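To start, the structure under review is shown below, and the notes come after it.
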Amino acid sequence: MKALVKQHAEPGLWLEDVPEPTIGINDVLIRVLKTGICGTDVHIYNWDRWAQKTIPVPMVVGHEFVGEIVEVGSNVNDFHAGDLVSGEGHVVCGRCRNCMAGRRHLCKDTKGVGVNRPGAFAEYLSLPMTNVWRHHAGVELDVAAVFDPLGNAVHTALSFPVLGEDVLITGAGPIGIMAAAVVRHAGARHVVITDVNPHRLEIAERVGVTRAVDVRSTTYADIQRELGMLEGFDVGLEMSGNPAAFRDMLANMCHGGKIAMLGIPEDEIAIDWNEVVFNMLTIKGIYGREMYETWYKMSVMIDSGLDIGPVITHRMPYSEFQAGFDIMRSGKSGKIILDWAS
Ligand code: NAD
Ligand code: ZN
């Protein structure tokens with residue numbers, strides 16, 4: 201079958217012929233229909249420090265997908281050929297304290313699809329049945345293809361109550377923009393999203409934010425004055441990994457404010473801890489998605505009108521992956537979908 205492979209320990213990805221995956225008794229075999237390109241895939245493409253120490257070569261990459269089950273292992277009773285599914289990209293150990301307690305997203309020994317085990321940028325993918333999510337009828341394929349990053353957005357956005365709250369989102373990447381749509385859907389009052397990339401701020405405007413702010417030209421004080429906010433933001437969602445963005449967020453939270461942190465900083469970030477202590481802030485780290493509460497919420501919110509359509513800006517056949525990665529790396533896109541079926 202065709203697959204996008206990290207074939208060599210250098211920048212790039214290679215379209216290769218590789219053997220179709222086999223399935224064990226607890227696995228399902230999925231024919232991949234569409235995939236999304238994730239920031240993680242770009243790190244792997246670029247072969248940065250993180251990728252070099254994490255990815256064994258060769259490796260079929262990719263983890264955002266929707267597909268159709270074509271075969272199930274002999275132990276699998278709940279899934280059937282023909283089911284439209286996506287997959288949780290974190291394969292947990294099942295045996296650690298948190299896994300045993302049912303808190304699987306807190307597993308101490310997570311393996312990543314397309315990172316530590318063969319991924320979804322391929323015609324077929326084998327996945328344990330415990331990692332499969334069946335879609336509700338009527339879901340759009342492009343939207344279903346990005347359930348994994350939508351799950352990051354939902355997990356972060358719903359970490360703290362947002363109904364009636366003023367929410368600051370730093371970073372209008374695909375995940376930040378989806379989080380903006382989610383908190384809007386969940387009843388936030390003001391949703392302010394920031395970035396330094398005008399293309400991305402323009403996309404953010406399309407999901408109904410209160411303000412999409414270029415922090416290079418507008419101050420937080422201006423925005424808060426304009427919106428009549430007297431005490432700072434109630435909830436912060438850090439989705440840039442950028443030190444300046446995080447520091448600005450800390451400085452603009454209300455007393456007792458809650459911050460959920462998804463963005464991955466490249467290096468250590470020094471902050472003024474007095475702001476955390478005296479403003480009595482709560483900071484929660486977020487990794488992945490809750491299994492499967494986040495997935496449940498995603499399906500139900502999509503059913504009830506959550507529209508993340510605007511975040512999907514490009515669609516192309518998998519054979520044009522190089523163009524897809526070039527656009528992703530330029531920062532002039534939202535989500536890019538690769539089609540594996542046509
Ligand atoms: P992305 O890189 O596409 O988006 C980050 C955005 O932050 C970019 O648009 C960038 O221009 C913007 N930014 C840079 N400096 C800024 C500043 N000073 N103020 C405001 N914005 C600024 O990433 P994404 O795919 O949307 O993911 C968001 C973040 O979440 C990334 O850091 C990613 O690595 C991380 N992530 C974490 C998990 C997890 O499980 N914790 C999962 C997926 C992604
Ligand atoms: Zn575990």
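Under the numbering used here, the first residue of the sequence shown is numbered 201, with each subsequent residue one higher. Beta carbons are placed, not taken as given, at the ideal position from N, Cα and C, and that holds for glycine. Computed from a predicted model, the values in this text were never measured in an experiment.
Could you please give the first and the last residue of the uninterrupted beta strand (DSSP E) stretch that includes Trp333?
Val332 to Arg334
Residue burial classification, Gly456 (beta-carbon count within 10 angstroms, cutoff 16):
exposed
So Thr235 and Ala357 are supposed to be a Cβ contact under 8 Å. How far apart are they, rounded?
Contact doesn't hold; Cβ gap of about 23 Å is too wide.
Report whether the distance from the Cβ of Asp283 to the nearest heavy atom of ligand 1 is below 7 Å.
no
Given the structure, does Cys292 come close to ligand 2, in the sense that its CB is under 7 Å from one of the ligand's heavy atoms?
Correcting the residue type first, residue 292 is Val in the shown sequence and not Cys. Yes, since a heavy atom of ligand 2 falls inside the 7 Å radius drawn around the Cβ of Val292.
Mapping DSSP to helix, strand and coil, what is Ser326?
strand
Near ligand 1, which residues have their beta-carbon less than 6 Å from any of its heavy atoms, given in chain order?
Gly239, Asn352, Thr370, Gly371, Ala372, Gly373, Pro374, Ile375, Gly376, Thr394, Asp395, Val396, Asn397, Arg400, Val415, Met439, Ser440, Gly441, Asn442, Ala444, Ala445, Leu462, Gly463, Ile464, Ile486, Tyr487 and Gly488
Which ranges does the beta strand (DSSP E) cover as unbroken runs of at least 3 residues, wholly within the stretch 393 to 430, from first to last along the chain?
411 to 414
Reduced DSSP secondary structure (H/G/I, E/B, other) of Phe265:
strand
Going by alpha carbons, who is nearest to Thr494 out of Ile237, Lys253, Ile486 and Gly351?
Gly351
State the Cα-Cα distance for the pair Gly294 and Thr310, rounded to the nearest angstrom.
10 Å
Run the CB neighbour count on Pro398, radius 10 Å, all protein chains shown included, and call it buried at 16 or more, exposed below.
exposed
Could you have a look at Phe360 and say whether DSSP puts it in helix, strand or coil?
coil
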